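Working notes, beginning with the structure itself.
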Amino acid sequence: MASREFIYEKFADYYSNSSLNVPQPTLMGQREFGFLLLKERAMVRHKSFMEIKDLRRFLSENVPSDVYHSCAYYENPSFEMDKKGWLGADLVFDIDADHIPTLCNKIHDEWTCGKCGFAGKGITPETCPVCGGVKFDTKTWPCELCLNSAKEETVKLVDMLEKDFGFASKEIRVFFSGHRGYHVQVEAEAVRMLDAMARKEIVDYVSGLGLALLEEQASEKTVTGRRRRRGSGSFSLHDFGWNKRLKAGMRKFILNATKDDLRAVGIRSYALLQNKDAVLSRCLEEGRWDSVKGVSVETWRRIARHVKELESAKIDTVVTTDLHRLIRMDGTLHGKTGLLKKEFPAERLTSFDPFVEAVAFKEGTAKVSISDAPEFRLSGKVFGPYRNEVAELPTAAAVLLICKGRAEVV
Amino acid sequence: MQMETVRFTENDLAKYPFLKETAEYMKKLGLKIEELENPEMAPILDRAQERVKEAILSVGVGRKRENYVEIPSFPVAIMLAIATKNSFIKKRYALAEAKQAFSDMQYETNERIMAIAADFDWNIALNRNPAIPLELAVNFTDYLRNTTHLRDKNWKLVNRLLANGKVYLNKHDAARLLQEEVQRRIEKRLEAKELPSLPEKITAMAEQLLELAREKIGEQEMEGFPKVVSQSAFPPCIIALYEAASKGRHLSHVGRFTLTAFLVNIGMPPEKVAELFKSFSDYNERLTRYQIEHIAGERGSRTQYTSPQCSTLQTHAVCTGSDALCRRVHHPLAYYRIKLRQRTSEPPKK
Ligand code: SF4
Ligand SMILES: [Zn+2]
Ligand SMILES: [Zn+2]
Chain H
507 MASREFIYEK
517 FADYYSNSSL
527 NVPQPTLMGQ
537 REFGFLLLKE
547 RAMVRHKSFM
557 EIKDLRRFLS
567 ENVPSDVYHS
577 CAYYENPSFE
587 MDKKGWLGAD
597 LVFDIDADHI
607 PTLCNKIHDE
617 WTCGKCGFAG
627 KGITPETCPV
637 CGGVKFDTKT
647 WPCELCLNSA
657 KEETVKLVDM
667 LEKDFGFASK
677 EIRVFFSGHR
687 GYHVQVEAEA
697 VRMLDAMARK
707 EIVDYVSGLG
717 LALLEEQASE
727 KTVTGRRRRR
737 GSGSFSLHDF
747 GWNKRLKAGM
757 RKFILNATKD
767 DLRAVGIRSY
777 ALLQNKDAVL
787 SRCLEEGRWD
797 SVKGVSVETW
807 RRIARHVKEL
817 ESAKIDTVVT
827 TDLHRLIRMD
837 GTLHGKTGLL
847 KKEFPAERLT
857 SFDPFVEAVA
867 FKEGTAKVSI
877 SDAPEFRLSG
887 KVFGPYRNEV
897 AELPTAAAVL
907 LICKGRAEVV
Chain Y
5 MQMETVRFTE
15 NDLAKYPFLK
25 ETAEYMKKLG
35 LKIEELENPE
45 MAPILDRAQE
55 RVKEAILSVG
65 VGRKRENYVE
75 IPSFPVAIML
85 AIATKNSFIK
95 KRYALAEAKQ
105 AFSDMQYETN
115 ERIMAIAADF
125 DWNIALNRNP
135 AIPLELAVNF
145 TDYLRNTTHL
155 RDKNWKLVNR
165 LLANGKVYLN
175 KHDAARLLQE
185 EVQRRIEKRL
195 EAKELPSLPE
205 KITAMAEQLL
215 ELAREKIGEQ
225 EMEGFPKVVS
235 QSAFPPCIIA
245 LYEAASKGRH
255 LSHVGRFTLT
265 AFLVNIGMPP
275 EKVAELFKSF
285 SDYNERLTRY
295 QIEHIAGERG
305 SRTQYTSPQC
315 STLQTHAVCT
325 GSDALCRRVH
335 HPLAYYRIKL
345 RQRTSEPPKK
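So the sequence lines, in the order shown, correspond to chains H and Y. Per this note's numbering, the first sequence runs over residues 507 to 916. Per this note's numbering, the second sequence runs over residues 5 to 354.
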């Protein structure tokens with residue numbers, strides 16, 4: 507069919523002309539490479555390359571829709587899994603709009619159960635609520651709002667990696683994933699040998715899972731009734747790590763709090779609002795949490811829990827703990843968008859614009875018939891929305907729509 | 005990190021004989037295995053035997069003696085434990101030595117704690133930040149290596165003061181983590197399979213210790229889990245995973261890991277686990293031999309993985325809610341162990 511040929515041709519062009527843009531991964535000789543081939547529609551794994559020029563040649567000769575390499579380093583990357591000889595792995599984080607509930611994913615994301623045909627909007631469930639099936643046809647969109655929320659999560663993550671975990675900024679590599687999120691890859695020597703359990707602890711840290719201040723107070727009520735556990739009445743937060751995040755977050759919450767905000771987190775007494783100064787200095791600063799009348803420890807627990815949600819970074823947890831994970835390679839095309847996975851300095855997180863900087867196809871146009879597509883922006887131009895129409899579009903826009911299954915070449 | 009090397013005194017080595025420096029001490033001593041049967045070696049041999057015996061009886065190592073007995077008795081005790089060829093005794097001995105070290109370390113200065121930590125290649129320093137009320141700062145990787153299997157949620161990294169890559173600890177906690185290092189180091193030494201031919205006296209002692217352990221601990225406990233897998237003692241979470249897998253339903257990453265590790269932990273041989281999964285469906289063939297053997301500790305890392313504890317399974321929604329026994333345990337394996345014991349003590353039903 508014409509559309510697939512069109513994509514093949516464009517991807518082939520990219521890899522034969524611009525493959526010099528594909529940067530060399532760290533210690534590439536020790537990594538496993540995997541490719542989804544466009545023509546064959548098959549996954550090829552367990553490849554290894556000693557030199558970047560060999561890899562670039564492979565790309566232009568085989569034209570994959572997606573290119574991956576292992577986060578792990580192996581003695582023999584091209585051997586079968588059990589003979590590879592694991593030598594360590596980067597610490598990687600995947601932040602994807604698929605895992606972040608946003609207001610708009612109910613609008614632009616749809617799923618249909620591959621087994622029974624039941625369909626819904628928003629985030630794809632793990633199992634079909636009707637038949638328990640696990641295969642879904644999904645229709646998603648790399649939406650700006652969703653990408654911005656992924657970016658906010660990335661900002662929080664990078665902040666923790668720098669301030670709490672103490673990684674140097676050159677050790678923290680940040681990438682646009684090419685589709686709906688960001689990758690953060692830590693290539694520090696210190697993390698290479700961490701096992702899955704240690705990585706799980708890091709995951710729990712950045713997502714605030716098991717943070718004790720909250721749980722301690724929770725158990726206090728349910729388990730011991732009215733009796734207060736040692737120290738919980740006066741427990742001050744210090745100015746480092748999660749304590750600092752909680753403290754700053756709670757201060758902000760209280761300073762801006764309205765009755766609505768309190769109700770939203772389940773607090774029904776408004777005592778907090780009448781005496782903000784005392785609440786801030788006595789409770790938050792001195793740690794005497796129950797020293798203001800009408801503001802209970804339970805109230806604080808609710809606020810803390812809310813703040814924890816705001817301050818934690820929403821990552822895809824299984825990616826980080828998988829010691830053999832394949833991750834998309836920097837500088838290669840994403841088969842679902844035709845956009846590039848693209849590295850940029852962490853300092854530029856807020857200003858980075860994926861719809862300009864990750865555009866791979868900068869020349870030519872193509873005529874496509876579009877079934878439907880929301881409004882979108884590419885290289886500074888706004889397109890759509892479209893519904894059952896034919897349009898002549900710049901190559902990048904045409905590739906995006908075809909890759910997302912919203913258009914065909916005519 | 006570069007640390008000025010602290011020389012350990014003989015008193016230190018007597019307390020912490022697992023330190024690398026003990027090897028030098030022993031070299032100078034020039035003790036030979038064959039000489040162990042000499043009468044003048046009797047105190048050393050006696051103390052070595054006591055170490056292992058106390059470990060079996062009370063997870064202790066007994067009272068210290070003079071340095072010239074105490075220090076060499078440690079490597080001899082190691083040899084003795086290896087000679088029992090019993091993994092229960094070895095584990096228990098390593099734990100006993102580690103616990104003893106922990107209780108001794110609590111009375112040490114910070115400098116001494118740091119010196120011991122340096123022996124385990126920790127990156128550790130005194131805290132110089134007056135705003136932080138804890139004495140020691142440890143690299144978070146050293147911290148994680150020694151805490152991920154500790155159950156109390158106080159050990160979770162998220163509940164620690166982590167700043168700039170350092171976890172801040174008081175002396176007590178640093179010593180507790182060092183206990184883990186000590187235990188691992190001793191367990192490693194006990195893994196040695198090749199033993200020089202031992203004097204008869206030693207083999208006889210090992211035989212006695214084995215007998216003692218059988219008596220005190222009971223055969224079943226010593227062998228770990230009985231080799232027969234008793235499905236009716238599975239906890240609810242495992243039953244659910246098992247059933248889902250048998251129907252070819254999708255299991256999450258955590259779910260697959262839990263089921264596999266659980267089955268391996270209760271003594272199902274890895275190849276049986278692989279067979280089981282294969283018999284279930286095509287999908288689960290993705291749980292390849294490789295993964296199972298990795299979990300079983302036969303590949304790569306060589307550490308056997310333990311199935312996750314209840315709290316982890318709760319966060320990953322693998323826990324399927326709890327029956328009465330669930331409420332008493334923190335680990336599916338504990339559930340299995342208790343249920344099994346209950347069942348075997350019940351009279352057989354007709
Ligand atoms: S409480 Fe523990 S043993 Fe019981 S179902 Fe949950 S995870 Fe399994
Ligand atoms: Zn369905
Ligand atoms: Zn959106």
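The beta-carbon is built from N, C-alpha and C at its ideal position, and this holds for glycine as well. Bear in mind the structure is a predicted one, so any value in this text is a computation, not a measurement.
Determine, for residue 540 of chain H, whether the minimum Cβ-Cβ distance to residues of chain Y falls below 7 Å. The sequence position of residue 540 of chain H within the first sequence is 34, counting from 1. So no, residue 540 of chain H is outside the interface.
Could one say the Cβ of residue 334 of chain Y lies closer than 7 Å to chain H's Cβ atoms, at least one of them? As a first step, residue 334 of chain Y must be located in the second sequence, where it is residue number 330. It does not; no Cβ of chain H falls within 7 Å.
Applying the 10 Å Cβ sphere with the 16-neighbour rule, what's the burial state of residue 791 of chain H? Working through the first sequence from its first residue, we reach residue 791 of chain H at position 285. Residue 791 of chain H should be labelled exposed.
Chain H contact residues for residue 238 of chain Y, given Cβ-Cβ distances below 9 Å: Here the question's residue 238 of chain Y lines up with position 234 in the second sequence. Correct list: empty, because the minimum Cβ distance to chain H is about 21 Å.
Residues from the segment 600-629 of chain H in contact with chain Y, defined by Cβ distance under 7 Å: none
Does the beta carbon of residue 608 of chain H fall short of 6 Å from some heavy atom of ligand 4? Among the ligands modelled here, namely ligand 1, ligand 2 and ligand 3, ligand 4 does not occur.
Which of the residues in the segment 664-688 of chain H, read from start to end, lie with their CB under 8 Å from any CB of chain Y? 669, 670, 671, 672 and 673
Taking Cβ positions only, does residue 167 of chain Y come closer than 7 Å to chain H? Within the second sequence, the letter at position 163 stands for residue 167 of chain Y. At least one chain H Cβ lies under 7 Å of residue 167 of chain Y.
Can you list, in chain order, the residues of its chain with a C-beta nearer than 7 Å to that of residue 33 of chain Y? Leave out the 5 residues immediately preceding and following it. Your numbering for residue 33 of chain Y matches position 29 in the second sequence. For residue 33 of chain Y, where only same-chain residues beyond five positions count, the Cβ hits under 7 Å are 76.
Is it buried or exposed, residue 303 of chain Y, if we count other Cβ atoms within 10 angstroms and call 16 or more buried? Reading the second sequence from its first residue, position 299 is the one you call residue 303 of chain Y. The predicted position of residue 303 of chain Y is uncertain, since its pLDDT is 47 and thus under 50; a value taken from the coordinates is nonetheless stated next. That one is buried.
What residues from chain H crowd round residue 145 of chain Y, counting only those whose CB sits closer than 9 Å? For this step, residue 145 of chain Y is matched to residue 141 along the second sequence. The answer, in chain order, is 696, 697, 699, 700 and 704.
Ends of the alpha helix (DSSP H) at residue 626 of chain H? On the first sequence, position 120 is the one that residue 626 of chain H refers to. Not the alpha helix (DSSP H): residue 626 of chain H falls in the beta strand (DSSP E), residues 625-627.
7 Å is my cut-off, CB to CB: does residue 710 of chain H come that close to chain Y? Start at 1 with the first residue of the first sequence, and residue 710 of chain H comes out as number 204. Answer yes: the Cβ-Cβ gap between residue 710 of chain H and chain Y drops below 7 Å somewhere.
When the Cα of residue 59 of chain Y is compared with those of Y:82, Y:44 and Y:71, which residue comes out closest? As a position in the second sequence, residue 59 of chain Y is number 55, starting the count at 1. For the residues Y:82, Y:44 and Y:71, the minimum Cα distance to residue 59 of chain Y belongs to Y:82.
What's the C-alpha gap between residue 337 of chain Y and residue 276 of chain Y? Counting from one through the second sequence, the residue named residue 337 of chain Y turns up at place 333. Counting from one through the second sequence, the residue named residue 276 of chain Y turns up at place 272. Rounded to the nearest angstrom, the two C-alpha atoms are 19 Å apart.
Could you spell out the range, first to last residue, of the alpha helix (DSSP H) harbouring residue 217 of chain Y? As a first step, residue 217 of chain Y is located in the second sequence; it is residue number 213 there, counting from the start. Taken as a continuous stretch (DSSP letters only), the alpha helix (DSSP H) holding residue 217 of chain Y covers 204-221.
For residue 153 of chain Y, does the count of other Cβ atoms within 10 angstroms reach 16, so buried, or fall short, so exposed? To locate residue 153 of chain Y, count along the second sequence from 1; it is residue 149. Burial call: exposed.
At least three beta-carbon pairs within less than 8 Å, the segment 676-689 of chain H to the segment 640-659 of chain H: yes
Residue 586 of chain H versus residue 533 of chain H - alpha carbon distance: Within the first sequence, the letter at position 80 stands for residue 586 of chain H. Within the first sequence, the letter at position 27 stands for residue 533 of chain H. Each residue's alpha carbon lies about 20 Å from the other.
C-beta neighbour in chain H for residue 176 of chain Y, strict 7 Å: As a position in the second sequence, residue 176 of chain Y is number 172, starting the count at 1. Not closer than 7 Å to any Cβ of chain H, the Cβ of residue 176 of chain Y fails to qualify, so no.
Interface partners of residue 148 of chain Y on chain H, CB under 7 Å: Indexing the second sequence from 1 puts residue 148 of chain Y at position 144. Residues of chain H passing the Cβ test: 700, 704 and 707.
Would you call residue 146 of chain Y buried or exposed, if buried means 16 or more other Cβ atoms sit within 10 Å of its Cβ? Here residue 146 of chain Y is taken as the residue at index 142 of the second sequence, counted from 1. The residue in question, residue 146 of chain Y, is buried, as its Cβ has 16 or more Cβ neighbours within 10 Å.
Cβ of residue 142 of chain Y less than 7 Å from any chain H Cβ? Translated into positions along the second sequence, residue 142 of chain Y becomes position 138. False, the Cβ-Cβ gap to chain H never drops below 7 Å.
Buried or exposed by the 16-neighbour rule on C-beta atoms within 10 Å, applied to residue 865 of chain H: The residue labelled residue 865 of chain H in the question sits at position 359 within the first sequence. Buried, by the Cβ-count rule.
Take residue 634 of chain H and list the residues in its own chain whose beta-carbon comes closer than 7 Å to its own, dropping the five residues that flank it on each side. Locating residue 634 of chain H in the first sequence gives position 128, counting from the first residue. Excluding positions up to five away in sequence, the list reads 619, 621, 622 and 624.
Among Y:74, Y:86 and Y:165, the one whose alpha carbon lies nearest that of residue 133 of chain Y: Along the second sequence, read from residue 1 onward, the residue named residue 133 of chain Y stands at position 129. The shortest Cα separation from residue 133 of chain Y among Y:74, Y:86 and Y:165 belongs to Y:165.
In the DSSP assignment, find the unbroken alpha helix (DSSP H) run with residue 73 of chain Y in it and report its ends. Residue mapping note: residue 73 of chain Y aligns to position 69 of the second sequence, counting from 1. 71-88 is the extent of the alpha helix (DSSP H) around residue 73 of chain Y.
Can you check which of these residues, H:910, H:659 and H:870, is closest to residue 877 of chain H by C-alpha distance? In the first sequence, the residue the question calls residue 877 of chain H occupies position 371. Checking every option, the nearest Cα to that of residue 877 of chain H belongs to H:910.
Note down, in chain order, each residue of its chain lying with its Cβ closer than 8 Å to the Cβ of residue 66 of chain Y, except the 5 sequence neighbours on either side. Translated into positions along the second sequence, residue 66 of chain Y becomes position 62. Around residue 66 of chain Y: 51, 54, 55, 57 and 58.
Please report how far the alpha carbon of residue 96 of chain Y lies from the alpha carbon of residue 219 of chain Y, in whole angstroms. In the second sequence, counting from the first residue as 1, residue 96 of chain Y sits at position 92. In the second sequence, counting from the first residue as 1, residue 219 of chain Y sits at position 215. If I take the Cα positions, the gap works out to 15 Å.
Tell me the residue span of the alpha helix (DSSP H) that contains residue 768 of chain H. Residue 768 of chain H sits at position 262 when you count from the first residue of the first sequence. Element bounds for residue 768 of chain H: 765-770.
Would you kindly work out how many angstroms separate the C-alpha atoms of residue 317 of chain Y and residue 263 of chain Y, rounded to a whole number? Taking the first residue of the second sequence as 1, we reach residue 317 of chain Y at position 313. Taking the first residue of the second sequence as 1, we reach residue 263 of chain Y at position 259. The alpha-carbon atoms of residue 317 of chain Y and residue 263 of chain Y are separated by roughly 11 Å.
Just checking residue 651 of chain H against ligand 3 - is the residue's beta carbon closer than 6 Å to any of the ligand's heavy atoms? Sequence index remark: in the first sequence, residue 651 of chain H carries index 145 (1-based). Under cutoff, so the answer is yes.
Ligand 1 heavy atom lying under 6 Å from the CB of residue 262 of chain Y: On the second sequence, position 258 is the one that residue 262 of chain Y refers to. Residue 262 of chain Y Cβ: outside cutoff for every heavy atom of ligand 1.
Comparing C-alpha positions only, which one of H:772, H:802 and H:813 sits nearest to residue 748 of chain H? Numbered from 1 along the first sequence, position 242 holds the residue referred to as residue 748 of chain H. The shortest C-alpha separation from residue 748 of chain H is found at H:813.
How would you label residue 345 of chain Y, buried or exposed, when you count the other beta carbons within 10 angstroms and need 16 or more for buried? One-based indexing of the second sequence puts residue 345 of chain Y at position 341. Exposed is the call here.
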